[in-house]
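Down below is the structure, laid out as structure tokens.
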Amino acid sequence: MNATLKHVAERTLIAVGAARLGRARHRSQSLVLAYHNVVPAGIRPSGDLSLHLPQEEFARQLDVLERHHEVVPLSAILEANGTRVRPRVAITFDDAYAGALDAGVAELVRRGMPATIFVAPGLLGGTTWWDVLADPVSGLDPAFRERALNELAGKGEDILRAAPPEAQHARTAIDGCRIGSIADLERAATQPGIALASHTWSHPNLCALSREEVERELSASLQWLRARGGSFTPWLSYPYGLWSPDICAAAAKAGYSAAVRVDGAWFDSSATLSRYALPRFNVPAGLSLNGFRLRLAGIGSQR
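Plus 446 on top of the position in the sequence shown (first one is 1) and you've got the working numbering.
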């Protein structure tokens, strides 16, 4: 379906009340939203564009949530829902991009909304390999991405060394896709409702590591975040959304209380769920506002 027809279809579904009916169906359930970056107004998005949501679009999405949903801390998402008038949503960010720590947090604080930021301390202050290698038009080469995640285990420096020089579009930190600094992180963590959690130490593919490497990645990040004090929750977000039963067991052993994927949608908190493979709805940049409303209603792709 081309973009014009898609937008017409979305408007039609909204007009006939599909979003309202969907919300009613999910009012006793919970949803975790996964964001990455929020690009401040006036800065042009760059890098892997699917991850970099303009601030004004993020603000409009928060307004939708404010009108129709109960936004709760991630740490409360597994509590029994009981009988609720509005569906319950938790907001999360992966990677601790500078824009998310600044513009994203500012929009949340303005509305009194809580959120959790998953941090990989080893990435702070730099630019990720996926933003460096993403073509401005076509994005990441799928074949190279497959090699990067599996053969090269998602390890940033190894991936950049293996990439041809002509593929490195943003080798130095660019304003629109820079990972935040420690100072950016500390400033965001002082804001009301903002909690920090772990995204491992250096953002590798945990499924491609040895058991010892997995243990180091999980424990180093957890210890670093705990040592910084402030609002910290011992949750884990799996890098690249890649996980396995063995990785879930390693997360539990390392001391995490729960972990999230980067795919999935609504779930019933009273259902039998693995606390270490909880679903999230990834919110890509480029999703229309009506598309966002429909996804919240459980209509359309939830990836």
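The beta carbon of each residue, even a glycine, is placed where N, CA and C say it ideally should be.
Inset, instruction - Would you mind sorting K601 into buried or exposed? The rule is 16 or more other CB atoms within 10 Å of its CB. - result: Classification for K601: buried.
Legend entry - 8 Å Cβ cutoff met for P685 and N651: At a Cβ-Cβ threshold of 8 Å, P685 and N651 count as neighbours.
Inset, instruction - Could you say which of P691, D540, W689 and L586 lies nearest to N483 if we only look at CA atoms? - result: Here the closest residue by C-alpha is D540.
Inset, instruction - Pair every Cβ in the segment 568-580 with every Cβ in the segment 603-610, then say whether three or more of these pairs are closer than 8 Å. - result: Cβ pair count under 8 Å is three or more, so yes.
Legend entry - R715 versus V478, L451 and R457, residue with shortest Cα-Cα distance: It is worth fixing the name first, because residue 715 is Ser in this sequence and not Arg. Selected option, being the one with the closest Cα: V478.
Legend entry - alpha helix (DSSP H) runs wholly inside the segment 660-704, at least 4 long, in chain order: For the segment 660-704, whole alpha helix (DSSP H) runs of length 4 or above, ordered along the chain, are 691-700.
Inset, instruction - Could you tell me the boundaries of the beta strand (DSSP E) in which F539 lies? - result: Run containing F539: R534 to D540, per the beta strand (DSSP E) assignment.
Inset, instruction - Quickly, what does DSSP pair A641 with across the bridge? List them, please. - result: A641 is bridged to T562.
Legend entry - Reduced DSSP secondary structure (H/G/I, E/B, other) of N736: Helix.
Inset, instruction - Given a cut-off of 8 Å, decide if W712 and Q507 are closer than it, judged by their beta-carbon atoms. - result: No, they are not a contact pair.
Inset, instruction - Note down the Cα distance separating H649 from L655, rounded to an integer number of angstroms. - result: Distance between the alpha carbons of H649 and L655 is about 11 Å.
Inset, instruction - With DSSP collapsed to three states, give me the class of V625. - result: Before going on, a small fix: residue 625 reads as Ile here, not Val. When secondary structure is reduced to three states using DSSP, I625 falls in the strand class.
Legend entry - Runs of alpha helix (DSSP H) wholly within the segment 488-526 (minimum 4 residues, chain order): Here the runs fully enclosed are 501-514.
Inset, instruction - My understanding is that L511 touches V535, with C-beta atoms under 8 Å, so please give their C-beta distance in whole angstroms. - result: With a Cβ gap of about 6 Å, L511 and V535 count as contacting.
Inset, instruction - Would you decide whether V753 is buried or exposed? Buried here means 16 or more other CB atoms lie within 10 Å of its CB. - result: Since the first and last residues shown for the chain are 447 and 749, residue 753 lies out of range.
Legend entry - Nearest-angstrom beta carbon gap, S492 and P730 [assumed within contact, 8 Å]: Separation of the CB atoms of P730 and S492 is rounded to 16 Å, and the pair is thereby denied contact status at 8 Å.
Inset, instruction - Closer than 7 Å by C-beta to V551: which residues in its own chain qualify, once you throw out the five before and the five after it? Chain order, please. - result: A634, Q637 and I640.
Inset, instruction - Identify, in the order they occur along the chain, each residue of the same chain with its Cβ nearer than 7 Å to the Cβ of R457, setting aside the five sequence neighbours on each side. - result: The answer, listed in chain order, is N736.
Inset, instruction - Report buried or exposed for E658, applying the criterion of at least 16 other Cβ atoms within 10 angstroms of its Cβ. - result: Counting C-beta atoms within 10 angstroms of its own C-beta, E658 has fewer than 16 neighbours from the protein chains shown and is therefore classed as exposed.
Legend entry - Beta-bridge pairing of D581 - partner residues as DSSP gives them: BP columns for D581 point to G585.
Inset, instruction - List the endpoints of the continuous beta strand (DSSP E) containing V478. - result: Annotation: the continuous beta strand (DSSP E) that includes V478 extends over S476 to Y481.
Legend entry - Simplified DSSP state of V484, which is helix, strand or coil: Secondary structure at V484: strand, using DSSP grouped into helix, strand and coil.
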